[in-house]
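Residue numbers (this note's numbering): 3 to 613.
Everything below concerns the one structure shown next.
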Ligand code: G6P
């Protein structure tokens, strides 16, 4: 949550920062601001999105070669101009932006108030900034030293970037818990919450680690730990192309990303799955294969859509590997006292690789001796780096705030892991193993088929867009898909939607059914199909509207439904990668029909780096 950008070099900083902020808006869009240092600090900030700030600064002095910018997801203090970042210190000479939460800010605020400080905002950020200024004044030190001293006293998570009128051209940055990437150019440096703001300028980046402080000048990057010792920057090459973060002719990132799925699933399988040879090559899993095979249990830890991928994987692992699987919300797992034994296998699932709860949960489990495997999309992210092993999902940058292509890529990776482990363990018969490999290889084509047969979904969206509530039902492998369908609709259209196991519907939700309630069934042909059809009849008998995702050619189910969305036939283990696609489209088109900002739904952020 919150996106940060910085630039210092020879170019005009403002356009680079604004473009970078637009790419980071997925991290929050409650307010936007920039601080430009050209002898004096010029700070401009505004409630709303980057475009609102652009309008507000028309005609202002924007000239500077050093600057920082912020796009906010509000934690402390409502979204407003006043609470927007950058904040300026009481003395006016230092500007700071922050992504994260300073947990002990109230205590610090009290101390500073006692010393006569007053605050312009309700934020924890302004408190930390004035705390830093106070240290700088009292210790007669430079900003770098003041930041180092201050950070030893704060608890919480942060990435901070600071500018100081006393040290033009320098950006001081530090991180703990929130991401920070520094791009290295010729005589210039770029800073960002991820690499997207710097893609067209450099391919060389440094991922700053927790408890590191960076002193960034146009022609010098110094990294230090909080003990003031130098750390050698580890320079990595980026392999993301600019086109991957642009809309490519689609109206919205969400639609683009839904349509990318045949390619992204293919990319995820490519080089790993060889159906002819009967092999799955995943070196980050192979290394830990013995421990996984012998594990008494596997714990999947995730949030949001990634948690739903974990639920599907639970069914798959239990079926193919006969290993007990538990799926945990990271936020719950980290705050209980979970039983974790040395050698337990934890699979952390995360698109961003930065979700704070997931990250802390795996750090705790790691301390207790668990083996941590990451199923992560963003290369070089914190969760990827904290994990012992794992596999990237290779879905490419996902910009739409509601996750789509990352989900299907997670399913593809988790299925491959389960197949690999089940095969080694001998819990899958050779014939079934070979069959599933072949079927999995065909999934990209089947997703393409699904997309090509989705023309009716826009009209369905028009028909049901005014409903106040939706129920999503499914059984077995399709139960988590029902949860994901409901989540997508909530996120994108703000319609209340609930996902339930189809049979469990009788224990409560059925009371909601009347002639206005659309009930979406995920009812592809599988072992439970007849049971699901019975549940449909129960809804029909109460005059509910039945919309269903069904298998192509299933005429008898189609006859019961008010409306259908089609997917091709597939093994039930693989069906979720198909059945979720029409639900993503349904949410998208309902969101559009209701005039919602589908790429940036209200109150949400893509990368939740606060607890
Ligand atoms: C946020 C996003 C969701 C995502 C969840 C977990 O809520 O809006 O789309 O599923 O975080 O994020 P992660 O990056 O860990 O998968």
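Ideal placement from N, C-alpha and C gives every residue a C-beta, glycine not left out.
Boundaries of the beta strand (DSSP E) in which residue i is found, first to last residue
i	result
residue 37	33-40
residue 238	237-239
residue 302	299-304
residue 175	173-178
residue 520	520-525
residue 471	471-476
residue 227	222-227
residue 6	5-10
residue 513	Looking at the DSSP string, residue 513 is not in any beta strand (DSSP E), and its letter there is neither H nor E.
residue 442	Looking at the DSSP string, residue 442 is not in any beta strand (DSSP E); the run it does join, the alpha helix (DSSP H), is 432-443.
residue 550	547-553
residue 352	347-352
Nearest-angstrom beta carbon gap, residue j and residue i [assumed within contact, 8 Å]
i	j	result
residue 203	residue 179	That belief does not hold up - the Cβ atoms of residue 203 and residue 179 are roughly 27 Å apart, past 8 Å.
residue 351	residue 284	That belief does not hold up - the Cβ atoms of residue 351 and residue 284 are roughly 15 Å apart, past 8 Å.
residue 65	residue 127	Going by Cβ atoms, the distance from residue 65 to residue 127 rounds to 26 Å, so no, they are not a contact pair.
residue 215	residue 129	The pair is not a contact, with the Cβ atoms about 19 Å apart (cut-off 8 Å).
residue 68	residue 165	7 Å
residue 403	residue 244	The Cβ separation is near 21 Å, so there is no contact.
Proximity test, residue i beta-carbon vs ligand 1 heavy atom, cut-off 7 Å
i	result
residue 452	no
residue 362	no
residue 122	no
residue 301	no
residue 610	yes
residue 306	yes
residue 553	no
residue 606	yes
residue 172	no
residue 357	yes
residue 404	yes
residue 198	no
residue 352	yes
Nearest-angstrom Cα separation, counted from residue j out to residue i
i	j	result
residue 465	residue 458	11 Å
residue 558	residue 532	11 Å
residue 197	residue 186	11 Å
residue 536	residue 571	21 Å
residue 566	residue 551	6 Å
residue 86	residue 438	52 Å
residue 461	residue 344	53 Å
residue 573	residue 306	25 Å
residue 239	residue 398	16 Å
residue 431	residue 267	25 Å
residue 29	residue 175	19 Å
residue 138	residue 223	22 Å
residue 493	residue 576	25 Å
residue 595	residue 495	9 Å
residue 145	residue 177	16 Å
residue 184	residue 591	38 Å
residue 316	residue 325	9 Å
residue 568	residue 190	52 Å
Limits of the unbroken alpha helix (DSSP H) element including residue i
i	result
residue 335	332-337
residue 393	No alpha helix (DSSP H) contains residue 393, which is instead part of the beta strand (DSSP E) from 391-394.
residue 285	285-288
residue 261	255-261
residue 406	Premise fails: residue 406 is in no alpha helix (DSSP H) and is neither H nor E.
residue 366	358-369
Ligand 3 heavy atom lying under 7 Å from the CB of residue i
i	result
residue 84	Absence of ligand 3 is noted for the structure shown, with ligand 1 being the only ligands found.
message = With a threshold of 8 Å, are at least 3 pairs of Cβ atoms found where one atom belongs to the segment 365-376 and the other to the segment 260-273?
response = no
key: Three CB pairs or more closer than 8 Å across the segment 518-526 and the segment 469-481   = yes
ask   = Does the segment 421-429 touch the segment 290-304, meaning 3 or more C-beta pairs lie closer than 8 Å?
value = yes
key: Meets three-Cβ-pair contact criterion under 8 Å: the segment 337-353 and the segment 376-388   = yes
ask   = Using 8 Å as the Cβ pair cut-off and three pairs as the minimum, do the segment 9-19 and the segment 381-395 touch?
value = no
query = Given 8 Å as the limit, is there contact between the segment 503-517 and the segment 329-344, that is, 3 or more CB pairs closer than that?
reply = no
inquiry  = Three Cβ pairs or more, each shorter than 8 Å: is that satisfied between the segment 480-498 and the segment 398-415?
reply    = yes
ask   = Would you call the segment 99-115 and the segment 69-82 in contact, with 3 or more CB pairs under 8 Å?
value = yes
key: Segment contact flag, the segment 39-57 with the segment 226-238, C-beta cutoff 8 Å, min 3 pairs   = no
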